[in-house]
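Let me begin by presenting the structure, written as structure tokens, before commenting on it.
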Amino acid sequence: MNQAVSRRSAMRLLAAVGTVLGTGGCMATVPPDAALRRPPPPTPTAPAGGAAGPGRAARIDSLLERLSLEEKTALLHGAPDPAPLGQAAYVPGVPRLGIPELRLADGPAGVRVAATATALPAPVMLACAFDPALAREYGRVLGREGRALGQDVLLAPMANLIRTPYAGRNFETFAEDPRLTADLVAEVVRGIQDEGLAATVKHFALGNQEKDRDTLDVIAAEQTLHETELRGFEAAVAAGAGAVMAAYNKVNGVHACESAPLLGELLRDTWGFDGWVMSDRDATHSTVAAIGAGLDMELPGGTHFGRPLREAVRAGSVPEGSVDLAVRRVLATRDRLGLLAARPARRPPRDAAAGARIARQVATAGAVLLRNEHDTLPLTGAAARSIAVIGPTGQVPFVSGGGSAHVVPDAAAAPFDAIRRRAGNGSTVRYALGEDLYGRPLPPRLLTPAAALDDRRVDAGRAWSHEGEFRLAADDEWTLLVHYTGQRPGVRLDGEELFPVQQGAAEQFAGGLLGTAPDGMSVRRRTLALKAGTHRLSVNAQGGAGGQRFRLRHTTGATRAADLAEAVRAARAARSVVLFAYEDATEGRDRTSLALPGGQERLIEAVAAVNPRTTVVLNTSSSTTMPWLSRTGAVLQMYYPGQEGAGATAGILFGDTDPGGRLTQTFPADERSTPVGGDVLRYPGVGGRQEYAEGVHVGHRWYDAQQVAPLFPFGHGLSYTTWQYEKLTVRPGGARADGGGLRVEFTVRNTGRRKGTEVAQVYVGPSPELKLDQPVRALAGYRRLTLAPGEAQRVTVDVDARALSSWDPEQHAWVLGRGRREVFAGRSSRELPLKSKAVVRSR
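Letter by letter, the sequence shown follows residues -28 to -1, 1 to 815 in mature numbering (1 follows the signal peptide of the UniProt record, and there is no 0).
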């Protein structure tokens, strides 16, 4: 890391490069530093209450002079909130100096507090729209809601790349592609801060997985860092992000919260970041090293930046000037964003209706139609008048993922209800469960002695327990579930505790679907292979201060078979099937498989076998393997679609809107065929060490470099109409007046009979003259467009100099890739019917 982001790197990142760009003999001269010159990060206009220029600096100076050491350090760490709103963290103010308190809420798909809030679609679904303007509106909803719900800082967006499909938080971020991630992160930041809420881009850096996130040492070369993971964070800084959250993991041997090369030399000296850096929750590991490296705030408490920091200052191991610098960064940023005024700007009211409109728009725009055979979709005519809706998430809406991204909405309709309404009178729409997620009651007489365990209430201060036996006539697989309020009951089977309290995030964050029953009770489950014979079951519950309710439920081989049979009967009797499948991801754990969990694969195969007009709707977090794919009629990827997901899904199914989303991550053909497949050093790591050995070949770039065929490529997505690409031209020019890039033009024509939405994509090939590792093709630009039947549009995509450049670790700078380079245009990273060449030369 010393080489990757050294002081020399900081000085030379913006090194001048002279270029001549051309195509087909047409050449243009570019000023020596035009290709890589980067203007200073913009400073957003401060809302009411924010000072400006010299007045702001003088105000901060005056506050620093009057703050005691105790007050300074209190501004640098979290503390208990005297009036908690259910947010992630709280920093007290200094009332005597008019410094207000600060509340920080989790994101990124809504404002996570105790109150209900607008549950937006997961950011990965937003990204599938390939629409930076929509990302800006998404951010504005977050910003306004955060302000309305009493918050000052949002811990979002997440800028880490989707590096491995197993990562538990892939739904919280945007894409496997650095360029697309950078574009969208920047606009979400701007949108949040348009409304006066501070955005916190996270997790800086290489926080790409949950497994071993507290201890993992991630090793990445300098070129890899700059060309992949760092792009989104750099874009967030350029957009004026108020704060950056340092990651849990180590980066090249040093904890991210203690990395001077990351926090000081790269973030501040090179990129010009003028906000503050906070730790992730309990990610601070020291006092002296952390504040010396540039960490400004510890969350959630003051384990290292409270009393230990004051003692370190008094002992001389930390200069008080270091504390002053951290406080200055926090106060100056708060002032810039209007969060330091003694009388803060009046908080706006919640506009739930506006939030719902954007949530519906994003869920519709980001819907990706992966497969559509024999016109299975849209549902029209006879196919729309007889429908079987199957699957648990057809009846229980899957709104959001688990962990810090989970948001409880004001309301969320069930997809079954939305489909039934859309089908209208005269249609038959029936529902079958298919798979039971929440269990059947244990019969009271199952146990000897008998006990009713389905709705027990334990009064405050009381305890209740029961122990009994039951007998199985044959071996069976059971899933036992406990639903509860308050303290979780103890449940032991044959002496083993079934639901022990786990350590860390795995206990704190349950899944968005599986962790909560439809009535709001918490849920834990355990699947066991039980032998024939007698088993002992005991339950112990404590009423605690507020009393407790719990129920003990189960599923068995017999109940699963009955659910499957019911689904098959419903499918056979219907003209069309819409089968909802799920995969429940959450902060705190990674996925252990890319397959659908439980018995869903068997369910899909059985249903599709009796009804080939089966559409599978996926409420999943990331890429999924599909051994059942060829048996289905259609597959619609809806990710975690937020509170308006039911209506958006129904609208797509019936063709009210063209599915306009495109994949922002490659779906592998199988679990071996991924950028980390079979290499445990790449993922999950060995002995606490992980290597980004794929280099710059992240995501779709790896599939191209290794010539591996994916199940679905990056950028893939079908439409209800057909498209034709033609007449590609490439010439020097672009958005910059100095010509520092290429202008790519081509025509896209809607050749079908329906209005449709397309995402046209442009990729560039490697430079033959750069002796650096380069992608086979890199995404250089894109354009979302909607056309009527028969309509054609001339599309212009400006390719900037950064897209034509690589990071040279010897020069510690971006260098332009000279020579004859290929330019491609088309519908995905693997469907590129147009190709031309551009000559890039130095002056």
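A virtual CB, placed ideally from N, CA and C, is assigned to each residue, including glycine.
State the beta-bridge partners of residue i as determined by DSSP.
{"i": "P350", "result": "Bridge partners of P350: none, in fact."}
{"i": "T117", "result": "This sequence places Glu at residue 117; Thr is not what is there. Answer is none; E117 lacks a bridge partner."}
{"i": "W450", "result": "L500"}
{"i": "W779", "result": "W786"}
{"i": "H227", "result": "K222"}
{"i": "R84", "result": "D78"}
{"i": "residue 876", "result": "This structure cannot settle anything about residue 876, because the visible part of the chain is limited to -28 through 815."}
{"i": "P413", "result": "R525"}
{"i": "T172", "result": "A215"}
{"i": "Q520", "result": "V430"}
With DSSP run on the structure shown, which of helix, strand or coil describes residue i?
{"i": "Q195", "result": "helix"}
{"i": "G22", "result": "Its pLDDT being 39, under 50, G22 is placed unreliably in this model, and the coordinates cannot settle the point."}
{"i": "V795", "result": "strand"}
{"i": "residue 862", "result": "For residue 862 there is no data in the structure shown, the boundaries of the chain being -28 and 815."}
{"i": "M97", "result": "helix"}
{"i": "F143", "result": "helix"}
{"i": "I71", "result": "strand"}
{"i": "D556", "result": "coil"}
{"i": "S565", "result": "coil"}
{"i": "G163", "result": "helix"}
{"i": "F639", "result": "strand"}
{"i": "G214", "result": "coil"}
{"i": "D33", "result": "helix"}
{"i": "K183", "result": "coil"}
{"i": "A386", "result": "coil"}
{"i": "A395", "result": "helix"}
{"i": "R319", "result": "coil"}
{"i": "F626", "result": "coil"}
{"i": "A404", "result": "strand"}
{"i": "A46", "result": "helix"}
{"i": "P291", "result": "coil"}
{"i": "R151", "result": "helix"}
{"i": "D431", "result": "coil"}
{"i": "V811", "result": "strand"}
{"i": "L311", "result": "coil"}
{"i": "L551", "result": "strand"}
{"i": "residue 817", "result": "Outside the shown range of the chain, which is -28 to 815, sits residue 817, and nothing can be said about it."}
{"i": "T527", "result": "strand"}
{"i": "F205", "result": "helix"}
Whole-angstrom Cβ separation of residue i and residue j, contact assumed at under 8 Å?
{"i": "L625", "j": "D296", "result": "So it is not a contact: roughly 59 Å between Cβ atoms."}
{"i": "Y664", "j": "V190", "result": "7 Å"}
{"i": "G433", "j": "G515", "result": "6 Å"}
{"i": "A354", "j": "V430", "result": "Rounded, the Cβ-Cβ distance is 54 Å, inconsistent with contact."}
{"i": "R790", "j": "E741", "result": "4 Å"}
{"i": "Q165", "j": "G204", "result": "That pair is no contact at about 16 Å."}
{"i": "A553", "j": "V588", "result": "6 Å"}
With a threshold of 8 Å between beta carbons, is residue i in contact with chain B?
{"i": "A384", "result": "Among the protein chains of the structure shown there is no chain B, as only one such chain exists."}
Measuring only from the beta carbon, is residue i closer than 7 Å to any heavy atom that is part of the ligand ZN?
{"i": "R585", "result": "The ligand ZN is absent from the structure shown, which contains no ligand whatsoever."}
Using a Cβ distance threshold of 8 Å, determine whether the segment 99 to 117 contacts the segment 193 to 208, with at least three qualifying pairs required.
The segment 99 to 117 is not in contact with the segment 193 to 208.
Count the C-beta pairs between the segment 416 to 430 and the segment 483 to 497 that are closer than 8 Å, then say yes if the count reaches three, no if not.
A contact between stretches requires three or more CB pairs, one per stretch, nearer than 8 Å, and the segment 416 to 430 fails this requirement with the segment 483 to 497.
Suppose only complete runs of 4+ residues qualify. What are the alpha helix (DSSP H) ranges in the segment 457 to 516, listed by chain order?
Listed in chain order, they are 477 to 480.
Which runs of the beta strand (DSSP E) at least 3 residues long sit entirely within the segment 241 to 281? Give them in chain order.
Correct list: 248 to 251.
Touching by the beta-carbon criterion (3+ pairs, under 8 Å), the segment 467 to 476 and the segment 440 to 450:
With a cut-off of 8 Å, the segment 440 to 450 and the segment 467 to 476 do not count as touching, because too few Cβ pairs lie within range.
Taking only runs of the alpha helix (DSSP H) that begin and end inside the segment 655 to 722, which ones reach a length of at least 4 residues, in chain order?
Entirely contained in the segment 655 to 722, the alpha helix (DSSP H) runs reaching 4 residues are, in chain order, 672 to 678.
List in chain order: all unbroken alpha helix (DSSP H) runs of 4+ residues lying wholly within the segment 324 to 375.
If we require 4 residues or more, the alpha helix (DSSP H) runs fully inside the segment 324 to 375 come out as 324 to 337 and 364 to 367.
Pairing CB atoms from the segment 636 to 656 with CB atoms from the segment 711 to 725, are three or more of them under 8 Å?
The segment 636 to 656 is not in contact with the segment 711 to 725.
Validate contact between the segment 493 to 505 and the segment 447 to 455 using beta carbons, cut 8 Å, 3 pairs
Between the segment 493 to 505 and the segment 447 to 455, the count of C-beta pairs closer than 8 Å reaches three or more; the two stretches touch.
Where in the segment 715 to 772 do unbroken runs of the beta strand (DSSP E), each at least 3 residues long, occur, reported from the N-terminal end onward?
Runs of the beta strand (DSSP E) lying entirely within the segment 715 to 772, each at least 3 residues long, are 728 to 736, 750 to 759 and 764 to 772 in chain order.
Where are the alpha helix (DSSP H) runs, 4 residues long or more, that stay fully inside the segment 572 to 597, in chain order?
Those alpha helix (DSSP H) runs which fall completely within the segment 572 to 597 and span 4+ residues are 572 to 582.
Between the segment 660 to 679 and the segment 612 to 622, are three or more C-beta pairs nearer than 8 Å?
Result no; under three Cβ-Cβ pairs closer than 8 Å.
Would the segment 110 to 117 count as touching the segment 158 to 165 if we require 3 or more Cβ pairs under 8 Å?
The segment 110 to 117 makes contact with the segment 158 to 165: 3 or more CB pairs, one atom from each, lie closer than 8 Å.
Three or more C-beta pairs below 8 Å linking the segment 196 to 213 and the segment 174 to 181
With the cut-off at 8 Å, the segment 196 to 213 and the segment 174 to 181 touch.
When you compare the segment 222 to 231 with the segment 246 to 265, are there three or more beta-carbon pairs, one atom per stretch, that lie closer than 8 Å?
The segment 222 to 231 vs the segment 246 to 265: in contact.
Examine the Cβ distances between the segment 682 to 693 and the segment 799 to 815 and report whether three or more of them are shorter than 8 Å.
They touch, by the three-pair rule.
Cβ contact (3+ pairs, closer than 8 Å) linking the segment 551 to 565 and the segment 460 to 473:
They do not touch, by the three-pair rule.
For the 8 Å Cβ check, are there 3 or more pairs between the segment 332 to 348 and the segment 533 to 543?
These segments do not touch.
Would you check if the segment 82 to 101 and the segment 372 to 390 touch, i.e. whether three or more CB-CB distances between them fall below 8 Å?
They touch, by the three-pair rule.
Give a yes or no on contact between the segment 381 to 388 and the segment 520 to 530, applying the rule of three or more CB pairs nearer than 8 Å.
No, the segment 381 to 388 is not in contact with the segment 520 to 530.
Does the segment 283 to 292 come within contact of the segment 64 to 78, defined as at least 3 CB pairs closer than 8 Å?
They do not touch, by the three-pair rule.
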